[in-house]
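To start, the structure itself, in structure tokens.
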Amino acid sequence: MKNTPLTRATGTVFLTVFLLLTLLIAVQGSFETRAQIAGTFASLSQIDEAQIALEELLRLQIDEENSLRGYALTRDPFYVSQYRVAAAGYDAKVNAVRAILREQKLTGVEQLLGTYAQLQSGWRKDIAMRLLQHPGQRLEELDKRNKLFSDYETGTAAAIRQALAATDDALARSTQSQLDRSAYVRVFWLVGFGLLAILFNSYRSQLNRELEEERAITRILQRAFRSESVPLPHCEVGSAYLSATNHMAVGGDVFDVYRLSDNRALILIADISGKGVDAAVLTAFIKFMIRAIALRKSEPSAILAEFNTAFSKAVGDPYLFVSMFVGVLDTGTFRLEYASAGHDCAFVRRRGDGVSPLSITGPILGVMEEPFGSETLDLRPGDTLVLTTDGLTEVRNRAGVQLLEQGAMELIERASPGAQQLADELIAQVRARGGSRVTDDLAVLAIRVVDSEVPRA
Amino acid sequence: MRRAVLALALLWLAAVAPAGADCKFHRGEQVVLYSTTDDPSVLIWDSRERLRDYRAASFDEAQAMLPHALLVAPGTHATVVSCVANYIESPTFHAPQDAIGVVISSGPRRGLTRWVLSSDVRLVH
Numbered sequence: 000m001k002n003t004p005l006t007r008a009t010g011t012v013f014l015t016v017f018l019l020l021t022l023l024i025a026v027q028g029s030f031e032t033r034a035q036i037a038g039t040f041a042s043l044s045q046i047d048e049a050q051i052a053l054e055e056l057l058r059l060q061i062d063e064e065n066s067l068r069g070y071a072l073t074r075d076p077f078y079v080s081q082y083r084v085a086a087a088g089y090d091a092k093v094n095a096v097r098a099i100l101r102e103q104k105l106t107g108v109e110q111l112l113g114t115y116a117q118l119q120s121g122w123r124k125d126i127a128m129r130l131l132q133h134p135g136q137r138l139e140e141l142d143k144r145n146k147l148f149s150d151y152e153t154g155t156a157a158a159i160r161q162a163l164a165a166t167d168d169a170l171a172r173s174t175q176s177q178l179d180r181s182a183y184v185r186v187f188w189l190v191g192f193g194l195l196a197i198l199f200n201s202y203r204s205q206l207n208r209e210l211e212e213e214r215a216i217t218r219i220l221q222r223a224f225r226s227e228s229v230p231l232p233h234c235e236v237g238s239a240y241l242s243a244t245n246h247m248a249v250g251g252d253v254f255d256v257y258r259l260s261d262n263r264a265l266i267l268i269a270d271i272s273g274k275g276v277d278a279a280v281l282t283a284f285i286k287f288m289i290r291a292i293a294l295r296k297s298e299p300s301a302i303l304a305e306f307n308t309a310f311s312k313a314v315g316d317p318y319l320f321v322s323m324f325v326g327v328l329d330t331g332t333f334r335l336e337y338a339s340a341g342h343d344c345a346f347v348r349r350r351g352d353g354v355s356p357l358s359i360t361g362p363i364l365g366v367m368e369e370p371f372g373s374e375t376l377d378l379r380p381g382d383t384l385v386l387t388t389d390g391l392t393e394v395r396n397r398a399g400v401q402l403l404e405q406g407a408m409e410l411i412e413r414a415s416p417g418a419q420q421l422a423d424e425l426i427a428q429v430r431a432r433g434g435s436r437v438t439d440d441l442a443v444l445a446i447r448v449v450d451s452e453v454p455r456a
Numbered sequence: 000m001r002r003a004v005l006a007l008a009l010l011w012l013a014a015v016a017p018a019g020a021d022c023k024f025h026r027g028e029q030v031v032l033y034s035t036t037d038d039p040s041v042l043i044w045d046s047r048e049r050l051r052d053y054r055a056a057s058f059d060e061a062q063a064m065l066p067h068a069l070l071v072a073p074g075t076h077a078t079v080v081s082c083v084a085n086y087i088e089s090p091t092f093h094a095p096q097d098a099i100g101v102v103i104s105s106g107p108r109r110g111l112t113r114w115v116l117s118s119d120v121r122l123v124h
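Residue numbers (numbering that gives the first Met the number 0), protein chains in the order written: chain A, 0 to 456; chain B, 0 to 124.
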């Protein structure tokens, strides 16, 4: 099944949005994982800090006890001061460790440390104070109580160590798990992106193939629909086309220069109501039908009359109408016989004598079946027949003012003498005047009579 | 009299104590008492139940039990007379510990029969 332009746009937008969304989630996820891992590392660091502080705490406690032993044995006041320094250090360290435990919400461990601190406080009161006051009084009962304190403190310290180590392990496992998850998620996104990229590329390739096929078809169709001109003896033929549908070279205007015989040429320009591909299809119909009629009938008015009848019957659309200029040029005498079905954009530029419009000889085609008249125009070397569609006269400037017939004639008069340059300049003028406001197709056909034969392109 | 009491105690210990196949220490082994490096002195108990209860008790309960314990200096020698494997459990132990029945063979407590924790006992090499 072919993709329609809407499907293509929807598909591309969907894939792009999906890809962007995926990218956004991946980036956000990465930041989140990074924050989680950073948080875990910070906790790990604090637990390590608490473990170190705990060991320092225990060392200070031993210092405290050993200082007391030293005093009991020697009665040297130096040990009392050592005892007091160790005791102060111990208290400060307990507070530091408790702060860390509170921050890490390790309530159980903090309670153990509280018990430990209470035991130490009890030891100071029951043992240390008594020994400091009566250093010679080392009763066995006192020693036993000292041992009791020591046992309990050792047990509590072991429990605290165990709890901190368990927390440390849990955090390490959590970090490992986060890192693993992060790695898996990265692999997932990488594979996801890869698959999406492949899908995107495949989709794009398919679109390119389809677009290429369509381009090929369009080229073929454009060849059929394109306005054509052939070289004429002693004439310069110039033409240009401006489509209101920007990306298409086809539209609702058509011109044709066709050799009917050695010295007779059909000259046609027509403007179909409407534009775009639908109108372009009709231009092909008009071009070939007029050629066919002109091969049988030499009078332009008769050509228009027969076409009018056939057109109404063949197309059968009461809202569709065509303005058309048909001329038959004798390339030996440069006499032009023409008929104009409501086509008011036909001009002749006389060498050194200005520009004048060519008269309309009948109604617009497809509206009514009225008779068409014919006119004759004798061209001289240097004269130029300029046929355009209403895209020239109706182009508006920035202020919204139309160029109209007078403005068109002034442009034609000022244009370069060469037929092709004239056609190109008119298109350029319309582009410059209308800019993005050009809404109608414009066809320009210029035939300039010259003295000598113009070499074929 | 003292010898008779000791003999009776030994008989009683032998009767109540299991074979001690899983024990770290065996009857007749010469050991030295030494506790933790924080405080190497050793509490010796008049019954293995008190020894066990001391390790499971709260601080106040343990303090109340202290009259049933004696404190001996680190390095006190003793002879193993009994062993109850895995008898004492405590949250602070990695694994249950044995209760060791010993007769003190040095120091002022020489000749006393008491119970000690297996981690407070070292073999004499």
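Glycine included, C-beta positions come from ideal geometry on N, C-alpha and C.
None of these values were measured; they are calculated from a predicted model.
Nearest to A442/A (by Cα), restricted to the options D423/A, G433/A, S435/A and R432/A: Here residue 442/A refers to the residue found at position 443 of the first sequence. Of the candidates D423/A, G433/A, S435/A and R432/A, the one whose C-alpha sits nearest the C-alpha of A442/A is D423/A.
When the Cα atoms are used, what is the spatial distance from A41/A to V93/A? Translated into positions along the first sequence, residue 41/A becomes position 42. Translated into positions along the first sequence, residue 93/A becomes position 94. A41/A and V93/A have their C-alpha atoms spaced approximately 21 Å apart.
Own chain partners of T438/A with C-beta closer than 7 Å, once the 5 adjacent residues on each side are dropped: Reading the first sequence from its first residue, position 439 is the one you call residue 438/A. Correct list, in chain order: A243.
Alpha carbon to alpha carbon, what distance is there between E404/A and F346/A? In the first sequence, the residue the question calls residue 346/A occupies position 347. In the first sequence, the residue the question calls residue 404/A occupies position 405. Cα to Cα, the separation comes out at about 10 Å.
Across the region 95–114 of chain B and the region 19–30 of chain B, are there enough close Cβ pairs to call them in contact, namely three or more that are closer than 8 Å? Contact holds: three or more Cβ-Cβ distances are below 8 Å.
Where the region 33–61 of chain B meets chain A: residues whose CB sits under 7 Å from a CB there: Flagged, chain order: T35, D37, D38, S40, L42, F58 and A61.
Can you grab the Cα-Cα spacing for the pair V108/A / L198/A, in whole Å? Taking the first residue of the first sequence as position 1, residue 108/A is located at position 109. Taking the first residue of the first sequence as position 1, residue 198/A is located at position 199. When rounded, the distance between both Cα atoms is 55 Å.
At what residues does the alpha helix (DSSP H) containing I411/A begin and finish? As a working note, residue 411/A is residue 412 in the first sequence. Run containing I411/A: L403 to R413, per the alpha helix (DSSP H) assignment.
Are the C-beta of K143/A and some C-beta of chain B separated by less than 9 Å? Reading the first sequence from its first residue, position 144 is the one you call residue 143/A. Using a CB distance cut-off of 9 Å, K143/A counts as an interface residue toward chain B.
Give the single residue among N145/A, D90/A and L178/A whose Cα lies nearest to the Cα of L69/B. Taking the second sequence and counting its residues from 1, one reaches residue 69/B at position 70. Of all alpha-carbon atoms in N145/A, D90/A and L178/A, the one lying nearest the alpha-carbon of L69/B is that of N145/A.
Segment limits, beta strand (DSSP E) that includes R113/B: Indexing the second sequence from 1 puts residue 113/B at position 114. From DSSP, the beta strand (DSSP E) with R113/B extends over T112 to L116.
Can you find the residues in the same chain that come closer than 8 Å, C-beta to C-beta, to A162/A, ignoring five residues on each side of it along the sequence? Taking the first sequence and counting its residues from 1, one reaches residue 162/A at position 163. Result list for A162/A: L105, G107, V108 and L111, in chain order.
Going straight from the alpha carbon of K26/A to that of L53/A, what length do you get? Reading the first sequence from its first residue, position 27 is the one you call residue 26/A. Reading the first sequence from its first residue, position 54 is the one you call residue 53/A. Checking the sequence shown, residue 26/A turns out to be Val, not Lys. A direct Cα-to-Cα measurement between V26/A and L53/A gives close to 40 Å.
Measuring straight from C-alpha to C-alpha, what distance separates D52/B and G69/A? Against the second sequence, residue 52/B aligns to sequence position 53. Against the first sequence, residue 69/A aligns to sequence position 70. So the two alpha carbons sit approximately 33 Å from each other.
Of all the CB atoms in chain A, is at least one closer than 9 Å to the CB of L69/B? The residue labelled residue 69/B in the question sits at position 70 within the second sequence. Closer than 9 Å to some Cβ of chain A, the Cβ of L69/B qualifies, so yes.
Taking the straight line between their C-alpha atoms, what separation do you get for G390/A and G326/A? Against the first sequence, residue 390/A aligns to sequence position 391. Against the first sequence, residue 326/A aligns to sequence position 327. Going from the Cα of G390/A to the Cα of G326/A covers about 20 Å.
Every unbroken beta strand (DSSP E) within the region 22–50 of chain B, with a cutoff of 3 residues, ordered by chain: Secondary structure in the region 22–50 of chain B: the beta strand (DSSP E) runs of 3 residues or longer, each lying completely within the stretch, are 29–32 and 41–44 in chain order.
Local conformation of M0/A per DSSP, three classes: Against the first sequence, residue 0/A aligns to sequence position 1. For M0/A, the predicted structure reports a pLDDT of 47, less than 50, and the residue's modelled location is therefore unreliable. A value from the coordinates is still provided. Of the three classes helix, strand and coil, the one that applies to M0/A here is coil, per DSSP.
So, helix, strand or coil for V186/A, using DSSP? Here residue 186/A is taken as the residue at index 187 of the first sequence, counted from 1. DSSP places V186/A in helix when its eight states are reduced to three.
Between T78/B and chain A, is the shortest Cβ-Cβ distance under 9 Å, so that the two count as touching? As a position in the second sequence, residue 78/B is number 79, starting the count at 1. Not a single CB atom of chain A sits nearer than 9 Å to the CB of T78/B.
For T75/B and L32/B, which I take to be in contact (beta-carbon distance under 8 Å), what is that distance rounded to the nearest angstrom? The residue given as residue 75/B occupies position 76 in the second sequence. The residue given as residue 32/B occupies position 33 in the second sequence. At roughly 5 Å, the Cβ-Cβ gap stays under 8 Å, so T75/B and L32/B are in contact.
Mind pulling the beta strand (DSSP E) runs of 3 or more residues that sit fully within the region 343–389 of chain A? Unbroken beta strand (DSSP E) runs of no fewer than 3 residues, entirely contained in the region 343–389 of chain A, are found at 345–348, 354–356, 374–377 and 383–387, following chain order.
Run through the DSSP bridge pairs and tell me what H76/B is partnered with. Position 77 of the second sequence, counting from 1, holds the residue named residue 76/B. In DSSP, H76/B forms a bridge with V31/B.
Measuring only the C-alpha atoms, how far is L116/B from S105/B? Here residue 116/B is taken as the residue at index 117 of the second sequence, counted from 1. Here residue 105/B is taken as the residue at index 106 of the second sequence, counted from 1. The straight-line gap from Cα to Cα measures roughly 18 Å.
Could you tell me whether the Cβ of A106/A comes closer than 9 Å to any Cβ of chain B? Within the first sequence, numbered from 1, the residue matching residue 106/A stands at position 107. For the record, residue 106/A in the displayed sequence is Thr; it is not Ala. Chain B contact via Cβ: absent.
Inter-residue Cα distance where the pair is A84/B and A169/A: For the purposes of this step, residue 84/B is taken as residue 85 along the second sequence, with counting starting at 1. For the purposes of this step, residue 169/A is taken as residue 170 along the first sequence, with counting starting at 1. Rounded to whole angstroms, the gap between the alpha carbons of A84/B and A169/A is 34 Å.
Since I believe T39/A is in contact with A174/A (beta carbons under 8 Å), could you give me their beta-carbon distance rounded to a whole number of angstroms? To locate residue 174/A, count along the first sequence from 1; it is residue 175. To locate residue 39/A, count along the first sequence from 1; it is residue 40. In the sequence under discussion, the amino acid at residue 174/A is Thr, which differs from the Ala named in the question. That belief holds up - the Cβ atoms of T174/A and T39/A are roughly 5 Å apart, short of 8 Å.
Among residues of its own chain, excluding the 5 on either side of A13/B, which ones have a beta-carbon nearer than 6 Å to its beta-carbon? Numbered from 1 along the second sequence, position 14 holds the residue referred to as residue 13/B. For A13/B, the predicted model reports a pLDDT of 48, less than 50, meaning its position is unreliable; a value from the coordinates is still stated below. Excluding positions up to five away in sequence, the list is empty.
Answer with yes or no whether the minimum CB distance from T199/B to chain A is below 9 Å. Any question about residue 199/B goes unanswered here, given that chain B covers just 0 to 124.
Boundaries of the alpha helix (DSSP H) in which V394/A is found, first to last residue: As a first step, residue 394/A must be located in the first sequence, where it is residue number 395. No alpha helix (DSSP H) holds V394/A; DSSP gives it neither H nor E.
Between which two residues does the beta strand (DSSP E) holding E235/A run? The residue you call residue 235/A lines up with position 236 of the first sequence. Taken as a continuous stretch (DSSP letters only), the beta strand (DSSP E) holding E235/A covers C234 to L241.
Taking only beta carbons into account, state which residues of the region 84–99 of chain B come closer than 8 Å to chain A, listed in chain order. Shown in chain order are the members of the region 84–99 of chain B whose Cβ falls below 8 Å from a Cβ of chain A: S89, P90 and T91.
Here's the rule: buried if 16 or more other CB atoms are within 10 angstroms of the residue's CB, otherwise exposed. What is P317/A? Taking the first residue of the first sequence as 1, we reach residue 317/A at position 318. Exposed is the call here.
So V325/A is in the beta strand (DSSP E); what residue range does that whole segment cover? Reading the first sequence from its first residue, position 326 is the one you call residue 325/A. Counting along the chain, the unbroken beta strand (DSSP E) around V325/A starts and ends at V321 to D329.
Could you round the C-beta distance between A313/A and F371/A to whole angstroms and report it? I think they count as a contact, below 8 Å. Position 314 of the first sequence holds residue 313/A. Position 372 of the first sequence holds residue 371/A. Actually they are not in contact, since the Cβ atoms of A313/A and F371/A sit about 18 Å apart, beyond 8 Å.
Is there a Cβ from chain B that is less than 9 Å from the Cβ of L43/A? To locate residue 43/A, count along the first sequence from 1; it is residue 44. Taking 9 Å as the CB threshold, L43/A stays off the interface with chain B.
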